[in-house]
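Each remark here refers to the structure printed beneath this line.
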Amino acid sequence: MIRTAHKFTGMGVALVTPFTPDRGIDYESLRSLLEHVLMDGAADFVVVHGTTGESPCLTRDERNEVTRVVVEQVAGRCPILVGLGGNDTLELGKRFAEAPTEGIDGFLSVVPYYNKPTQEGLFQHFCHISERSRLPIILYNVPGRVGVNMMPETIIRLAKSCHNIVGVKEASGYVMQAEQVVQAGLGDGFVVLSGDDALSVSFMQNGARGVISVVGNAYPRLFSHLIHLAMQGEYNEADMIMTALRETNAQLFANGNPSGIKALLYQMGVIRHNILRLPLVPTSREVYDALGAAHQRVKDFALASFLPWP
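Here it is as structure tokens:
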């Protein structure tokens with residue numbers, strides 16, 4: 072089985088979807104965010120319509136228009152990964168077959184949620200959509216959100232069976248699970264990516280080749296620097312920066328994702344409104360203030376250490 076050189080390594084940014092006060096899409100803020108994460112080539116790739124993008128709360132027309140705007144604004148400066156998942160395999164297969172692909176480099180597809188399939192069910196689900204996709208697929212394993220953990224054996228089996236399944240975003244929190252996939256000898260054409268900013272250095276010490284990041288929305292240059300240090304084996308330096316980010320990372324998820332990162336982006340002036348769509352709501356005032364204080368400490372640390380900012 073032959074795979075091409077991999078586009079999805081380094082720091083990927085899981086983009087938020089900015090909203091206006093009337094809960095429409097804030098395309099001006101979306102374009103501002105893209106310029107922010109692409110400054111100095113910070114983001115190695117971007118992800119649209121992931122968990123951080125509130126994808127379950129967008130209509131199909133909105134998803135298509137957001138994707139179009141992202142493709143237009145990125146203008147070839149980095150690869151684009153588009154989230155496309157669901158728990159109705161037959162319907163999802165149709166969506167993959169019909170999905171627009173112009174300007175897009177791949178799909179990120181989450182493990183089916185709510186149904187709680189067996190490992191064999193997961194295998195058949197992803198084989199079905201793989202056969203219908205016109206682009207490479209990154210698997211998205213996030214048991215805390217979907218209710219089932221896709222085991223390393225299933226990931227390895229899919230990688231060996233489906234030529235266009237080219238990686239996994241591993242958000243199980245289990246470093247050894249990622250290591251087991253890495254050690255399967257799938258080659259450079261299959262990539263393991265951390266799905267947890269706080270664990271990304273540990274994941275890369277065990278063979279992962281990047282991260283799909285939340286905090287990278289706010290600190291693209293700093294977090295990209297950290298990730299590339301880790302990719303080069305400079306783990307002590309990467310850990311030093313990660314330690315400085317610890318409180319920010321904790322507060323980003325204190326009220327759930329993406330409420331934390333939207334609050335931080337709003338405080339930084341990257342997006343114009345701190346708005347989410349129900350059932351998600353903004354952070355509490357306590358978390359909002361804690362994020363602001365943590366942000367100032369990270370900024371002071373980065374500037375004092377002559378690190379790329381933000």
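Mapping of the sequence shown onto this note's numbering: position 187 corresponds to residue 258, and the numbering continues sequentially without gaps. We put the beta carbon where it would ideally sit given N, CA and C, even for glycine.
Bridge partners - residue i, DSSP secondary structure assignment
{"i": "Asn212", "result": "Glu241"}
{"i": "Val118", "result": "Ala85 and Leu152"}
{"i": "Ser180", "result": "Leu210"}
{"i": "Phe90", "result": "Ile96"}
{"i": "Ile236", "result": "Ile208"}
Limits of the beta strand (DSSP E) - the one that residue i falls within
{"i": "Val262", "result": "Val262 to Ser265"}
Span of the alpha helix (DSSP H) around residue i
{"i": "Met383", "result": "Nothing can be reported for residue 383: it is not among the residues displayed for the chain, which extend from 72 to 381."}
{"i": "Ile283", "result": "Looking at the DSSP string, Ile283 is not in any alpha helix (DSSP H); the run it does join, the beta strand (DSSP E), is Gly281 to Ser284."}
{"i": "Asp360", "result": "Arg356 to Ala375"}
{"i": "Cys198", "result": "Gln190 to Arg203"}
{"i": "Asp310", "result": "Tyr306 to Leu323"}
{"i": "His99", "result": "At residue 99 the sequence reads Glu, which differs from the His that was named. From DSSP, the alpha helix (DSSP H) with Glu99 extends over Tyr98 to Val108."}
{"i": "Ala334", "result": "Ser330 to Met339"}
{"i": "His299", "result": "Pro291 to Met302"}
{"i": "Met392", "result": "Because the chain here runs from 72 to 381, residue 392 falls outside it and cannot be looked at."}
{"i": "Gln405", "result": "Any question about residue 405 goes unanswered here, given that the chain covers just 72 to 381."}
Which listed residue (the options) has its alpha carbon closest to that of residue i
{"i": "Gly156", "options": "Ser201, Thr189, Pro381 and Thr91", "result": "Ser201"}
{"i": "Arg102", "options": "Glu136, Ser126 and Glu250", "result": "Glu136"}
{"i": "Tyr185", "options": "Thr172, Val108, Gly177 and Pro214", "result": "Pro214"}
{"i": "Ala327", "options": "Pro350, Val341, Val237 and Ala309", "result": "The sequence shown places Gly at residue 327, rather than the Ala named in the question. Ranking the options by Cα distance to Gly327, first place goes to Pro350."}
{"i": "Val262", "options": "Glu250, Asp268, Pro291 and Leu104", "result": "Glu250"}
{"i": "Asp310", "options": "Val272, Lys333 and Gly81", "result": "Val272"}
{"i": "Thr160", "options": "Leu179, Gln195, Asp268 and Pro329", "result": "Gln195"}
{"i": "Thr354", "options": "Leu323, Gln276 and Gln144", "result": "Leu323"}
{"i": "Ala85", "options": "Tyr290, Asp259 and Cys233", "result": "Tyr290"}
{"i": "Arg216", "options": "Thr319, Gln276, Met339 and Glu241", "result": "Glu241"}
{"i": "Val239", "options": "Ser330, Ala325 and Ala279", "result": "Ala279"}
{"i": "Thr130", "options": "Ser265, Arg348 and Val142", "result": "Arg348"}
{"i": "Asn212", "options": "Gly266, Thr189 and Ala168", "result": "Gly266"}
{"i": "Ser284", "options": "Gly147, Glu305 and Met313", "result": "Met313"}
{"i": "Gly260", "options": "Gly174, Asn235 and Leu179", "result": "Asn235"}
{"i": "Asp360", "options": "Thr319, Ile346 and Thr80", "result": "Thr319"}
Below-8 Å beta-carbon distance, residue i vs any chain C residue
{"i": "Ala321", "result": "Absent from the structure: chain C. Only one protein chain is present."}
**Prompt:** Would the segment 242-259 and the segment 222-233 be scored as touching if the rule is three or more Cβ pairs under 8 Å?
**Reply:** Judged by Cβ distances under 8 Å, the segment 242-259 makes contact with the segment 222-233, as three or more pairs qualify.
**Message:** Suppose only complete runs of 3+ residues qualify. What are the beta strand (DSSP E) ranges in the segment 122-167, listed by chain order?
**Reply:** Segments of the beta strand (DSSP E) lying fully in the segment 122-167: 151-154.
**Prompt:** Does the segment 113-124 come close enough to the segment 368-377 that 3 or more CB-CB pairs lie under 8 Å?
**Reply:** The segment 368-377 and the segment 113-124 do not touch, with fewer than 3 CB-CB distances between them shorter than 8 Å.
**Prompt:** Is the number of C-beta pairs between the segment 79-98 and the segment 133-149 that are closer than 8 Å three or more?
**Reply:** Contact between the segment 79-98 and the segment 133-149 is present: 3 or more CB-CB pairs across the two stretches fall below 8 Å.
**Item:** the segment 330-341 touching the segment 293-312, judged by at least three CB pairs closer than 8 Å
**Value:** They do not touch, by the three-pair rule.
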